[in-house]
Amino acid sequence: MDTIDNQISLKNLASLTEAIQSKKILEARAVVCDSGHNLHVPLCAGIKGIIPREEGALGIAEGSTRDIAIISRVNKPVCFQVTGLDHSAGETVAVLSRRAVQQQCMEQYISRLSPGDVIDGRVTHLETFGSFVDIGCGICSLIPIDVISVSRISHPGDRFRPGQYIRAVVQSSDGSRVTLSHRELLGTWAENAALFQNGETVAGVVRSVEDYGIFVELAPNLAGLAEPKEGVTPGQQASVYIKSLIPERMKVKLIMVDAFDADYRLPPMRYFFQGEHMDRWVYSPEGAHKRIETVFAPAEEPGSSS
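Counting from 2, one number per residue, gives the positions in the sequence shown under the working numbering.
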């Protein structure tokens, strides 16, 4: 929305006319959803844009998409094509279509995705069961909470925030609906363990407190176990001493130095995998007693994970 090219295209009547001819995809902020569920999108001085209800999202006209998909866009960016200019009411109103750009995105991009493809996305909202991610033109996909990271979290808000740009890997796709995973991009046990050494005291986050010990996350894909200590609660920040790293058991033994309440900003996401596609991901180090892996099956077969 803030790119120079987008701003130039929304500058005046002439630039909007050019955008109509070129069918350019633009983006601006929706400010009102009226009683007819039409989205109002200010464009430039003297010209307002309106996305008619049936052009608000794929599936609205057919009834397969609920109107909440339109209502929830208020005060948020929406992408669209300018399909025409209406001068009949004594003012110029640009008629916009969000559905058209979603249809184009679906046909030219999303329908071609296969399991194992690594894509960019933007977190839109968080639920207890997972994170919804915009993977193109407002089309959302889900990352279930259990595949956000290897280290278990109580809520996706422990890892993401709305508006955050992330990478994700396609877990399954039927050509129209895509499910994502995330943990495979955050490194193997060995890659994460290599960031730490025995004898160091490091920062962590308390993820769970059990009778037999306290699980402390050192990185999104690496957690260790400290002995029980009174007064420690999940979500607290911690400083822990690394007693030992045990690759064959995928264990990190810790000693709790301190645990305390603090509201620190989420750190930038570190992605170990920088490619565009993976067929298989093996978390476990060689020789480990347990094997954790993801195999990305072809599109016509269900994915498998263990």
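C-beta: ideal position from N, C-alpha, C; glycine also.
Residue range of the alpha helix (DSSP H) that includes residue i
i, result
"residue 99", "99-109"
"residue 55", "Unbroken run through residue 55: none, as it is neither H nor E."
"residue 69", "69-72"
"residue 192", "190-194"
Span separating the alpha-carbon of residue i from that of residue j
i, j, result
"residue 98", "residue 179", "23 Å"
"residue 35", "residue 70", "14 Å"
"residue 108", "residue 23", "18 Å"
"residue 217", "residue 197", "14 Å"
"residue 154", "residue 75", "30 Å"
"residue 46", "residue 225", "58 Å"
"residue 72", "residue 128", "18 Å"
"residue 28", "residue 61", "20 Å"
"residue 188", "residue 125", "24 Å"
"residue 13", "residue 281", "50 Å"
"residue 57", "residue 278", "32 Å"
"residue 214", "residue 182", "29 Å"
"residue 17", "residue 90", "19 Å"
"residue 77", "residue 256", "45 Å"
"residue 88", "residue 40", "18 Å"
"residue 306", "residue 37", "Below a pLDDT of 50, predicted positions are generally treated as unreliable, and residue 306, at 48, falls in that range; no measurement from the model is reported."
"residue 43", "residue 83", "13 Å"
"residue 185", "residue 223", "13 Å"
"residue 265", "residue 64", "43 Å"
"residue 296", "residue 148", "13 Å"
"residue 136", "residue 142", "7 Å"
"residue 11", "residue 106", "21 Å"
First and last residue of the uninterrupted beta strand (DSSP E) at residue i
i, result
"residue 84", "78-87"
"residue 51", "48-52"
"residue 61", "Premise fails: residue 61 is in no beta strand (DSSP E) and is neither H nor E."
"residue 211", "202-211"
"residue 243", "238-247"
"residue 43", "40-45"
"residue 281", "281-283"
"residue 146", "Looking at the DSSP string, residue 146 is not in any beta strand (DSSP E), and its letter there is neither H nor E."
"residue 135", "131-137"
Assigned secondary structure, residue i (DSSP; H/G/I helix, E/B strand, else coil)
i, result
"residue 151", "coil"
"residue 14", "helix"
"residue 306", "Because the pLDDT of residue 306 is 48, which lies under 50, any placement of that residue in the model is unreliable, and the question is left without a value."
"residue 226", "strand"
"residue 160", "coil"
"residue 92", "coil"
"residue 218", "strand"
"residue 115", "coil"
"residue 293", "coil"
"residue 172", "strand"
"residue 250", "helix"
"residue 26", "coil"
"residue 178", "coil"
"residue 267", "coil"
"residue 6", "helix"
"residue 231", "coil"
"residue 260", "strand"
"residue 186", "helix"
"residue 19", "helix"
"residue 121", "strand"
- Query: Would you call the segment 260-272 and the segment 238-249 touching, i.e. three or more CB-CB distances under 8 Å?
  - Reply: Taking 8 Å as the limit for Cβ pairs, the verdict is that the segment 238-249 does touch the segment 260-272.
- Query: Counting pairs of beta carbons, one from the segment 249-257 and one from the segment 277-297, are three or more of them closer than 8 Å?
  - Reply: Yes: the two stretches touch, three or more of their Cβ pairs being nearer than 8 Å.
- Message: Quick test of the definition: if touching needs 3 or more C-beta pairs under 8 Å, does the segment 227-236 touch the segment 266-286?
- Response: Too few Cβ pairs lie closer than 8 Å, so no.
- If you pair each beta-carbon of the segment 168-178 with each one of the segment 107-122, do three or more pairs fall below 8 Å? With a cut-off of 8 Å, the segment 107-122 and the segment 168-178 count as touching, because enough Cβ pairs lie within range.
- Could you tell me whether the segment 206-213 touches the segment 144-159, using the rule of 3 or more Cβ pairs below 8 Å? The way I'd put it, the segment 206-213 does touch the segment 144-159; three or more beta-carbon pairs between them come closer than 8 Å.
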